[in-house]
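Residue numbers (my numbering): 1 to 228.
In structure tokens form, the structure reads like this:
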């Protein structure tokens, strides 16, 4: 067994199946505007959405700006619709919070960590009302010692300051804390910024075209047990 005692998890597409939740939420939202969510439309939105969140990660947008412009700018640019930004995203987040599918292997890994007395934390750039509801409905809250959400803290991954905040609050050390997530730009970059060992969860065997070098790479969550 390694010296890792504190396990930091990203949530979306690491433990919670964000892709499935997003599909359901987008279908409902587009229906509200009498629009059909075709595969092409969905892919266009996803590409746009990733770009907006990456701007947030780079501190080019504040949280309030992201919430105001995410859907307002999208619908205006791609569907020539003027929609109220905050009202629309709140509706979307309500739909999103109603979906809580798990990534394969999540409960097995969480049970293993609980049985072996690890301290487990969530570190997410998501929104509190959504993540709280999804974790509750998925019956995952019992596994976490604490949950750190960017909206509440006022910091976001990959900023080193967010991880410094987490380490301070859990009384953790860099040499006994492990960050696990699916996003190279957010989770792995953030862990590296904070001088933490990292695990890139890469279930689709994507090619790493960046200069980032995670400490470990896994393709199934259950592979985490071999690292610990």
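Using N, Cα and C, we set each Cβ at its ideal position, and we do this for glycine too.
query                                                                                                : result
Inter-residue spacing [alpha-carbon to alpha-carbon] between residue 71 and residue 114              : 39 Å
Nearest-angstrom beta carbon gap, residue 25 and residue 96 [assumed within contact, 8 Å]            : 4 Å
Three-state secondary structure assigned by DSSP to residue 146                                      : strand
Local Cβ density within 10 Å of residue 207, reported as buried at 16 or more and exposed below that : exposed
Backbone CA spacing between residue 40 and residue 93 [nearest angstrom]                             : 22 Å
Supposed close pair residue 10, residue 181 - CB separation, criterion 8 Å                           : 3 Å
Touch test, the stretch 42-56 against the stretch 194-203, Cβ-Cβ under 8 Å, three pairs minimum      : no
Anticipated Cβ contact below 8 Å, residue 195 with residue 174, distance rounded                     : 5 Å
Top-ranked residue by Cα proximity to residue 6, from 163, 18 and 183                                : 163
Three-state secondary structure assigned by DSSP to residue 210                                      : coil
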